[in-house]
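Numbering (our numbering), first residue to last: 2 to 467.
Here it is, written out as structure tokens:
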């Protein structure tokens, strides 16, 4: 690449980085803390022994909360302060993703893929939440980058960098073990493919199994100190929380059977893939059976993606569980799109990119204009006098009481005896009250009069006179 072209790449990348940074920083403190951010607020205001005790009954590792504790102790507690680490990691993901995409292909593809990443509704959203997802994405991208470097070079230094970022990743989010498993399967499948001179990657590879196993071993060794707490978390997750959610959703107790079948399926598919990768007969048949995606098919896929982003960006790409579980795969989608777009005729390429920017702009304008998080701040402003009753779960309690400067009574099932004793103005705040539902509202209606009701995002506030 000539000096002039390199300068153009640098300028274009800096523009993408600056715009991506602005989009992640813009209105960072604007919306109320929502229910999951209530966990972060509560956990990071505890002492270290108290935090460790709390995490025994959680499912997440400690690194994110330690970083948040340092942040709030240094800069105080506010929406901006709590969300700043997420913004910082989200912003740093942009250059790391560019380096990763460039390591796979070239600067041109990397720039376009980074444009998609930088303006992504999903990654902007998670960069503005006081949760660990942008930190998880940051260390995942670094792990992918050095995994790629390692299979290209076979150097011990790259294996050690991979071990470090894998270790930081597994201490950020429990789903990191899925990424480790993916790395393990990919390494040995690709190594097996190379044994029969069938390299599916766009670069030469070398596989040092000893260094790779050393890297994985180092990562797992760093988890030993966390093992006692992890065992406690595992017990709660697999013996209590997930089985209960499974029963609530499907109506029968079958979680453990489902989970065992899932593990058997995952390992079986991985082993079959490994066997196929080492078989000349099967790999040739695989290559013949699955042809390259035709341009028309790709255009359909890309347009379908734009339609989903435009009309269904919240249910398909927003803050919902399955998006969090699949978060690490989204960057690969952007790389795939960038690579295939450059194979299209120039006029078609320009048209699709134009459509992408129009749709992305509309989605982001909508995102910054309308509130999307639960409105606990607004609920506290509405319930500003009299007696305030809060019918909710722990994490919603932490979010609401952060904004309310009044004495708030948290309701329990046996608090029905409290209702006849109330006089004057009473506010009932309901959020995440899955079990009680309208139990307390109906009890208040028997002794008082409902004079106003404010339905906010994720919160309902009812005002009674008793």
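Cβ atoms here follow ideal geometry from the backbone N, Cα and C, with glycine treated the same way.
Pair within 8 Å by beta-carbon distance, residue i and residue j
| i | j | result |
| --- | --- | --- |
| residue 327 | residue 379 | no |
| residue 42 | residue 403 | yes |
| residue 92 | residue 207 | no |
| residue 423 | residue 388 | yes |
| residue 391 | residue 409 | yes |
| residue 175 | residue 62 | yes |
| residue 357 | residue 307 | yes |
| residue 139 | residue 115 | no |
| residue 313 | residue 338 | no |
| residue 123 | residue 168 | no |
| residue 264 | residue 256 | no |
| residue 132 | residue 198 | no |
| residue 375 | residue 82 | no |
| residue 432 | residue 460 | yes |
Start-to-end residues for the alpha helix (DSSP H) that takes in residue i
| i | result |
| --- | --- |
| residue 42 | 36–44 |
| residue 80 | 80–105 |
| residue 167 | 157–171 |
| residue 138 | 134–154 |
| residue 322 | 322–326 |
| residue 60 | Careful: residue 60 lies outside any alpha helix (DSSP H) and carries neither H nor E. |
| residue 417 | Careful: residue 417 lies outside any alpha helix (DSSP H) and carries neither H nor E. |
| residue 339 | 331–342 |
| residue 314 | 296–318 |
Residue i in three-state terms, based on DSSP
| i | result |
| --- | --- |
| residue 427 | strand |
| residue 463 | strand |
| residue 409 | strand |
| residue 54 | helix |
| residue 266 | helix |
| residue 226 | helix |
| residue 432 | strand |
| residue 347 | helix |
| residue 441 | helix |
| residue 179 | helix |
| residue 184 | helix |
| residue 377 | helix |
| residue 120 | coil |
| residue 112 | helix |
| residue 32 | coil |
| residue 77 | coil |
| residue 291 | At residue 291 the pLDDT is 40, less than 50, meaning the model places this residue with poor confidence and gives no usable figure here. |
| residue 286 | Below a pLDDT of 50, predicted positions are generally treated as unreliable, and residue 286, at 48, falls in that range; the measurement from the model is reported next regardless. Three-state DSSP puts residue 286 in a helix. |
| residue 271 | helix |
Limits of the beta strand (DSSP E) - the one that residue i falls within
| i | result |
| --- | --- |
| residue 393 | 388–393 |
| residue 450 | 450–457 |
Integer Cβ distance of residue i from residue j, believed to fall under 8 Å
| i | j | result |
| --- | --- | --- |
| residue 30 | residue 80 | 4 Å |
| residue 143 | residue 97 | 6 Å |
| residue 146 | residue 101 | 4 Å |
| residue 128 | residue 135 | 5 Å |
| residue 441 | residue 464 | Not really, about 14 Å apart at Cβ, beyond 8 Å. |
| residue 112 | residue 14 | 6 Å |
| residue 248 | residue 254 | 6 Å |
| residue 18 | residue 110 | Contact flag wrong, Cβ pair sits at about 17 Å. |
| residue 467 | residue 448 | 6 Å |
Interface flag, residue i vs chain D, CB-CB below 8 Å
| i | result |
| --- | --- |
| residue 238 | Of the protein chains in the structure, only one exists, and it is not chain D. |
Query raised in the report: Can you give, in chain order, each stretch of the alpha helix (DSSP H) that sits fully within the region 196–224 and has at least 4 residues?
Result: Here the runs fully enclosed are 210–222.
| Ranges of the alpha helix (DSSP H) found wholly within the region 231–260, counting only runs of at least 4 | Qualifying alpha helix (DSSP H) stretches, in chain order: 243–251.
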